[in-house]
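Asks: So for the sequence shown, full-length UniProt numbering puts the first residue at 1; every next one is plus one.
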Amino acid sequence: FPPHLSFFFYLLYFSFLSSFLSLLPLPFVFHTYLLKMVNFITNNLSFIFKSHVVENICEYNEENQCGQISNLMLQRTTEVKSFECHESFLFHSSLKNPTRSHAANKPYQCKECGKAFHFLSCFKKHMKTPTEEKPYECKECIKAFSCSSMFRVHMKIHSQKAKYECKECGKTFSSSFHLEEHKRIHSGDKPYECKECGKAFSCSSSLSKHKRIHSGDKPYECKECGKAFSYSSHLIRHIRIHTGEKPYECKECGKAFSESSNLNVHVRTHTREEPYKCKECGKAFSCPSSFKAHVRDHNGKVQYECKECGKAFSRSSSLTEHLRTHSGEKPYMCEECGKAFISSSYLTVHRRTHTGEKPYECKECGKAFISSSYLTVHTRTHTGEKPYKCKKCGKAFICFSALSLHMRTHTERKPYECKECGKAFRQSSYLTIHARIHTGEKPFECLECGRAFSRSSSLTEHLRTHSGEKPYECEECGKAFISSSYLTVHRRTHTGEKPYECKECGKAFISSSYLTVHTRTHTGEKPYKCKKCGKAFICFSALSLHMRTHTERKPYECKECGKAFRQSSYLTIHARIHTGEKPFECLECGRAFISYCRDTINVRK
Numbered sequence: 001f002p003p004h005l006s007f008f009f010y011l012l013y014f015s016f017l018s019s020f021l022s023l024l025p026l027p028f029v030f031h032t033y034l035l036k037m038v039n040f041i042t043n044n045l046s047f048i049f050k051s052h053v054v055e056n057i058c059e060y061n062e063e064n065q066c067g068q069i070s071n072l073m074l075q076r077t078t079e080v081k082s083f084e085c086h087e088s089f090l091f092h093s094s095l096k097n098p099t100r101s102h103a104a105n106k107p108y109q110c111k112e113c114g115k116a117f118h119f120l121s122c123f124k125k126h127m128k129t130p131t132e133e134k135p136y137e138c139k140e141c142i143k144a145f146s147c148s149s150m151f152r153v154h155m156k157i158h159s160q161k162a163k164y165e166c167k168e169c170g171k172t173f174s175s176s177f178h179l180e181e182h183k184r185i186h187s188g189d190k191p192y193e194c195k196e197c198g199k200a201f202s203c204s205s206s207l208s209k210h211k212r213i214h215s216g217d218k219p220y221e222c223k224e225c226g227k228a229f230s231y232s233s234h235l236i237r238h239i240r241i242h243t244g245e246k247p248y249e250c251k252e253c254g255k256a257f258s259e260s261s262n263l264n265v266h267v268r269t270h271t272r273e274e275p276y277k278c279k280e281c282g283k284a285f286s287c288p289s290s291f292k293a294h295v296r297d298h299n300g301k302v303q304y305e306c307k308e309c310g311k312a313f314s315r316s317s318s319l320t321e322h323l324r325t326h327s328g329e330k331p332y333m334c335e336e337c338g339k340a341f342i343s344s345s346y347l348t349v350h351r352r353t354h355t356g357e358k359p360y361e362c363k364e365c366g367k368a369f370i371s372s373s374y375l376t377v378h379t380r381t382h383t384g385e386k387p388y389k390c391k392k393c394g395k396a397f398i399c400f401s402a403l404s405l406h407m408r409t410h411t412e413r414k415p416y417e418c419k420e421c422g423k424a425f426r427q428s429s430y431l432t433i434h435a436r437i438h439t440g441e442k443p444f445e446c447l448e449c450g451r452a453f454s455r456s457s458s459l460t461e462h463l464r465t466h467s468g469e470k471p472y473e474c475e476e477c478g479k480a481f482i483s484s485s486y487l488t489v490h491r492r493t494h495t496g497e498k499p500y501e502c503k504e505c506g507k508a509f510i511s512s513s514y515l516t517v518h519t520r521t522h523t524g525e526k527p528y529k530c531k532k533c534g535k536a537f538i539c540f541s542a543l544s545l546h547m548r549t550h551t552e553r554k555p556y557e558c559k560e561c562g563k564a565f566r567q568s569s570y571l572t573i574h575a576r577i578h579t580g581e582k583p584f585e586c587l588e589c590g591r592a593f594i595s596y597c598r599d600t601i602n603v604r605k
């Protein structure tokens, strides 16, 4: 016998040898009996001895699967030391055969998949199992196993009662070891450090997995596309991309996922649970990855920098997505319309535009959204929260994209240039809309009157002229408008604010569009040309009015007498004949008029 085996081994060996030898012709009976004896007798023996006996029983009986497993394999133990190297282990299973682990590290390797084993018996079992076949499936959690013994061990996890509860969060565990490991999440204790890069982990298994990043070891390869992985779990997850399998289904809405972690995060959209809370600012998150990224923002920890433009990110995945903006790569394509995206999450959100699904609903007003980020931004319209502040002028915004656009007003940076006329824009969407002036494209058509628009927002506003809806009301005078932008401009008539000044003559205006039109009086530019007669105009509204002279179209009709007009302003003036309203009074003589121009004529007289 090897010299390092304990005295207890000899004691058991000589005590029971004669009895056991008589049973040798019946290996199955021998195996069953010996298992029972080991479980009973070895309770007070050293854990090293237990491991050795169990290991040899398993190897002796490698051809017979009797369905019994020694409970020693499941027991969590106190710290055990190897006599050979004095290394400590938390499980007796880690010390099954210390001499073998020192002499040869996993000498039995499968040529098919590269997986290696410490023991010949395990290797033989593996070789008998057909590739990728996992016939033993757990009905509790859908996890599958290639080996019946592994399956039986796994099933005990479900049958065991969770006795150990975390006082911090209430989560329960079936063993004190798992509870202690879990507690490190709350304490932040990370005793396992990587010697290569210094990164620390709360459990040894995480460190072992991490080490593969440095070694480059990727033993698990996908037969479908050849992609290799460091962990078998990652390969299993990846294979579902090819098979389309989504085994994790939400009981609330029936939505299915390829990963259990994604299901857990999704379930929180129903429960509104946000268990990850930032101690710095109190912000809560439903997803741990979002929480970690947020914490890095406070710490100022920017680990991943783009070599192309210098932009830095707190997550490697964010950098990967960003790099695609430089390369132009868009690997995620919509099967419905062919549109491609730089990330799978963008594709997921986009797909909802086809399905009409809006899973994120506002508790305040009931409005629903296709993504959680849209809901977050919308919620701020109720709370008034504006977390993104401009460092230049102090103006605050409800979302980062709005701040980014605002920052360009300080830098005057307009990165999006029209190839047709050279005009530059701060936003790509503005360029897209502008380009339609040159192409004449008007994709948004009114079903009521057939009028077409180059922007969806213009169509939305136009539809209100039919419905009479004016949802934006001035608090000062009660006047209502069909769009928020009109209300914003109108408010300046009360405040006297004119933020847009002409550099040529110093004249100021209440809106940027008024300044743009005014500037053309200096430049002589008339970009809006009539296709009928060639006459050009400085603004689109002037062209629209002119076009009616060719068509004789008079859409504005007086309800009182039926007279029609080309412009709404003409109808407004005409209506005063019926109402008797004369809002314009002469300061000289006190005479009143229905329109401003007549008032002017009277003053001149």
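Every residue gets a Cβ at the ideal spot worked out from N, C-alpha and C, and that includes glycine. Keep in mind the model is a prediction, meaning the values are calculated, not measured.
1) Measuring only the C-alpha atoms, how far is Ser429 from Lys442?
2) Relative to the alpha-carbon of His350, which residue among Val489, Glu336, Arg380 and Glu504 has its alpha-carbon at the smallest distance?
3) Between Lys386 and the rest of its own chain, which residues show a CB-CB distance below 6 Å, the 5 nearest in sequence each way excluded?
4) Give the list of continuous alpha helix (DSSP H) stretches no shorter than 4 residues that lie fully inside the region 442 to 491.
5) Measuring CB to CB, does Phe400 end up less than 8 Å from Tyr416?
6) Might you give, ordered along the chain, the residues of its own chain that have their beta carbon closer than 7 Å to the beta carbon of Leu235, omitting 5 neighbours on each side?
7) If you measure between the beta carbons of Ser500 and Tyr514, is that distance less than 8 Å?
8) Would you identify the three-state DSSP class for Tyr346, choosing helix, strand or coil?
9) Suppose you measure from the CA of Lys227 to the CA of Lys391; what does that come to, to the nearest Å?
10) Can you look up Lys529 in the DSSP assignment and give me helix, strand or coil?
11) Work out the CA separation of Ile482 and His494 for me, nearest whole Å.
12) Going by C-alpha to C-alpha distance, which of His518, Lys526 and Leu545 sits closest to Leu536?
13) List, from N- to C-terminal side, the alpha helix (DSSP H) runs of 4 residues or more that fit wholly inside the UniProt domain "C2H2-type" (416 to 443).
14) The alpha helix (DSSP H) that contains Lys209, what's its start and end?
15) What are the boundary residues of the alpha helix (DSSP H) that includes residue 675?
16) Name the residue from Leu463, Cys138 and Ser258 whose alpha carbon lies nearest to the alpha carbon of His154.
17) Pull up the DSSP beta-bridge partners for Thr172, would you.
18) Here's a check: name, in chain order, each residue in its chain whose Cβ is nearer than 8 Å to the Cβ of Glu193, leaving out the five neighbours to either side.
19) Between which residues of its own chain and Lys358 is the CB-CB distance below 8 Å, once the five residues before and five after are set aside?
20) Tell me the DSSP secondary structure of Ser292 in three-state form.
21) Just to check my reading of the structure: Val517 and Cys539 have Cβ atoms closer than 8 Å, yes? What is that Cβ distance to the nearest angstrom?
22) For the alpha helix (DSSP H) that Arg240 lies in, which residues bound it at each end?
23) Rounding to the nearest angstrom, what Cα-Cα distance links Cys477 and Ser595 in this structure?
24) Quick check on the burial criterion: 16 or more other C-beta atoms within 10 angstroms. Buried or exposed for Arg413?
25) Going by other Cβ atoms of all chains shown within 10 Å of its Cβ, with 16 needed for buried, is Arg272 buried or exposed?
26) Counting along the chain, where does the alpha helix (DSSP H) carrying Leu405 start and finish?
27) Using the Cα positions of Asp217 and Thr432, report the straight-line distance between them to the nearest angstrom.
28) May I ask you to report which of helix, strand or coil DSSP gives Phe151?
29) For the alpha helix (DSSP H) that contains Leu545, what are its first and last residues?
30) Return the CA-CA distance between Lys582 and Glu461, expressed in angstroms with no decimal places.
31) Is Glu274 helix, strand or coil by DSSP?
32) Beta carbon of Leu459, beta carbon of Tyr472: below 8 Å?
33) Thinking Tyr231 and Lys246 are a contact (beta carbons under 8 Å), I'd like their distance in whole angstroms, please.
34) Would you identify the three-state DSSP class for Phe119, choosing helix, strand or coil?
35) What is the DSSP secondary structure of Glu224, counted as helix, strand or coil?
Replies: Reading from the atomic positions:
1) 15 Å
2) Glu336
3) Ala396, Phe397 and Ile398
4) 456 to 467
5) no
6) Tyr220, Cys222 and Phe229
7) As written in the sequence, residue 500 is Tyr, which differs from the Ser given in the question. Yes.
8) helix
9) 45 Å
10) strand
11) 19 Å
12) First, the amino acid is wrong: residue 536 is Ala here, not Leu. Nearest option by C-alpha distance: Lys526.
13) 428 to 439
14) Its alpha helix (DSSP H) spans residues Ser204 to Ser215.
15) Beyond the ends of the chain as shown, which are 1 and 605, falls residue 675; an answer cannot be given.
16) Cys138
17) Glu165
18) Lys199, Ala200, Phe201 and Leu207
19) So the qualifying residues of the chain are Arg352, Ala368, Phe369 and Ile370.
20) According to the sequence as given, residue 292 is Lys; it is not Ser. Looking at Lys292 - three-state DSSP - the assignment turns out to be helix.
21) 5 Å
22) Ser232 to Thr243
23) The alpha-carbon atoms of Cys477 and Ser595 are separated by roughly 21 Å.
24) Classification of Arg413: exposed, given that the 10 Å Cβ count is below 16.
25) exposed
26) Residues Phe400 to Thr411.
27) Asp217 and Thr432 have their alpha carbons spaced roughly 47 Å apart.
28) The answer is helix: DSSP assigns Phe151 an H, G or I state.
29) Phe540 to Thr551
30) 30 Å
31) coil
32) no
33) The pair is not a contact, with the Cβ atoms about 20 Å apart (cut-off 8 Å).
34) Coil at Phe119, not helix or strand.
35) coil
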